Amino acid sequence: MLTVMGIDQSLTCTGVVVLDIMSNMGSREPNIEVDYAGSIKTVKGEEDFIFDTLKRGNQIVEELVTIAMDKGVDVICFETPSLASKGNATRTLPLLLGIILRGLNEVVKERGIQMYHVAPKSLKKIATGSGNASKDEMFEQLAVDCPELHADLLGKPKSVGRYDQTDAYYLAKQGYTLYLQTIK
């Protein structure tokens, strides 16, 4: 069994999904079970965006480390910041990713966790076939690929991180694919 964590990092609502993936000898497709799905929420507290990002990033790291250790994660997959975007996210998301990577460094080395990154357009294309898919289209595809998680998220308000957890699910699946490519 391989345990894969997908992380869709965000200052307000980081989506996290952990998949347990077992090879199925009788089939080409592995058996995939959602072991954990949730969101890490933070609230703006500092005026300066660098200090605010650092403070909130450290809070996110603490929770990610706890989840990774509790679930025995073997692989982590992140979404890289979109380089073509505009607005505040172009400053905060790269900084947040750096804080998270630095914060996870010790547990990653200690446990031999493999880490991968996927560009946003690539993630959308992997999930839906279109690199320009909307958040709603990604969520609709989740109903096909993981009906249980979709049903769970559908019954909750969008504020629980519905789209963030959807992205995290596909990041975890892609992390598995990238892992398989490196061990061949």
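Position 159 (the sequence shown) corresponds to 457 in our numbering; numbering is contiguous. Using N, Cα and C, we set each Cβ at its ideal position, and we do this for glycine too. Note that the structure is predicted; figures quoted are calculated from it, not measured.
Environment of residue i [buried if 16+ CB atoms lie within 10 Å]
i	result
residue 398	buried
residue 372	buried
residue 436	buried
residue 432	exposed
residue 442	exposed
residue 494	Outside the displayed range of the chain (299 to 482) lies residue 494, so it cannot be described from this structure.
residue 348	exposed
residue 266	Given that the chain is displayed from residue 299 to residue 482, the structure contains no residue 266 and the question cannot be resolved.
residue 422	buried
residue 341	exposed
residue 459	buried
residue 427	exposed
residue 394	buried
residue 473	buried
residue 390	buried
residue 299	exposed
residue 452	exposed
Close beta carbons around residue i, own chain, < 8 Å, minus the five adjacent residues each side
i	result
residue 417	377, 378, 380
residue 301	316, 317, 318, 319, 333, 369, 370, 371, 372, 373
residue 344	350, 353
residue 392	379
residue 429	419, 420, 422, 423
residue 450	335
In DSSP terms, what residue i is bridged to
i	result
residue 377	416
residue 313	306, 337
residue 327	Its beta-bridge partners do not exist; DSSP assigns none.
residue 301	318
residue 406	For residue 406, which the question treats as bridged, DSSP gives no partner whatsoever.
residue 332	317
Start and end residues, alpha helix (DSSP H) containing residue i
i	result
residue 360	347-369
residue 431	Counting along the chain, residue 431 falls outside any alpha helix (DSSP H), and DSSP gives it neither H nor E.
residue 473	460-481
residue 450	445-452
Nearest-angstrom beta carbon gap, residue j and residue i [assumed within contact, 8 Å]
i	j	result
residue 316	residue 470	7 Å
residue 447	residue 366	The pair is not a contact, with the Cβ atoms about 19 Å apart (cut-off 8 Å).
residue 356	residue 396	Going by Cβ atoms, the distance from residue 356 to residue 396 rounds to 12 Å, so no, they are not a contact pair.
Residues near residue i in its chain [Cβ-Cβ closer than 6 Å; skip 5 each side]
i	result
residue 329	320, 322
residue 476	414
residue 331	318
Cutoff 7 Å; reference residue i; Cβ partners in own chain excluding five residues on either side
i	result
residue 306	312, 313, 377, 462, 465, 466, 469
residue 413	374, 406
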